[in-house]
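S.K.: In my numbering, the protein residues as written are 59 to 161. Just so it is clear, CB atoms sit at the ideal spot from N, CA and C, and this is done for glycine as well.
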């Protein structure tokens, strides 16, 4: 969606406070139009979780990643590239969380 694309642009520019409401709106819109178990919903959850990770908001990111993994695995299968990407992002977040806890 255009909302998601604009959010991604802001995200890439480090404009996180501007990106977050757009990601949230895109997620809500996708859930309403496509249903809760759609690959696009999983990708929106992944995008929002990644934004939270960039900000060090790991406790907010983790449940989003887990929900995205659940949806993607059910709908696309565990070996689909989108599912694998979300799983890798989740693993990266766990690593970042461990490093943050050691500081």
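#1: So does the segment 127–143 actually touch the segment 74–88, counting three or more Cβ pairs closer than 8 Å?
#2: For residue 68 and residue 112, which I take to be in contact (beta-carbon distance under 8 Å), what is that distance rounded to the nearest angstrom?
#3: Over the uninterrupted alpha helix (DSSP H) stretch that includes residue 141, give me the two end residues.
#4: Within 9 Å (strictly less), CB to CB, does residue 88 reach chain B?
#5: Look up residue 95 in the DSSP assignment and say whether it is helix, strand or coil.
#6: Beta carbon of residue 100, beta carbon of residue 147: below 9 Å?
#7: Who are the Cβ neighbours of residue 141 in its own chain at under 6 Å, not counting the five residues just before and after it?
#8: Measure the CB-CB distance between residue 103 and residue 116 and report whether it falls below 9 Å.
#9: By DSSP, does residue 90 sit in helix, in strand, or in coil?
M.R.: According to the data block:
#1: With the cut-off at 8 Å, the segment 127–143 and the segment 74–88 do not touch.
#2: Position 10 of the chain shown holds residue 68. Position 54 of the chain shown holds residue 112. Actually they do not touch by this definition, with Cβ atoms about 11 Å apart.
#3: Position 83 of the chain shown holds residue 141. First-last of the alpha helix (DSSP H) with residue 141: 139–160.
#4: This model lacks chain B altogether; it includes just one protein chain.
#5: Locating residue 95 in the chain shown gives position 37, where the first residue counts as 1. Residue state, collapsed to three classes: coil.
#6: Taking the chain shown and counting its residues from 1, the one referred to as residue 100 is at position 42. Taking the chain shown and counting its residues from 1, the one referred to as residue 147 is at position 89. Contact annotation: residue 100 and residue 147 have beta-carbon atoms that are not nearer than 9 Å.
#7: Counting from one through the chain shown, the residue named residue 141 turns up at place 83. The answer, listed in chain order, is 130, 131 and 134.
#8: As a working mapping, residue 103 is identified with position 45 in the chain shown. As a working mapping, residue 116 is identified with position 58 in the chain shown. Taking 9 Å as the Cβ cut-off, residue 103 and residue 116 do not qualify as a contacting pair.
#9: In the chain shown, the residue the question calls residue 90 occupies position 32. When secondary structure is reduced to three states using DSSP, residue 90 falls in the helix class.
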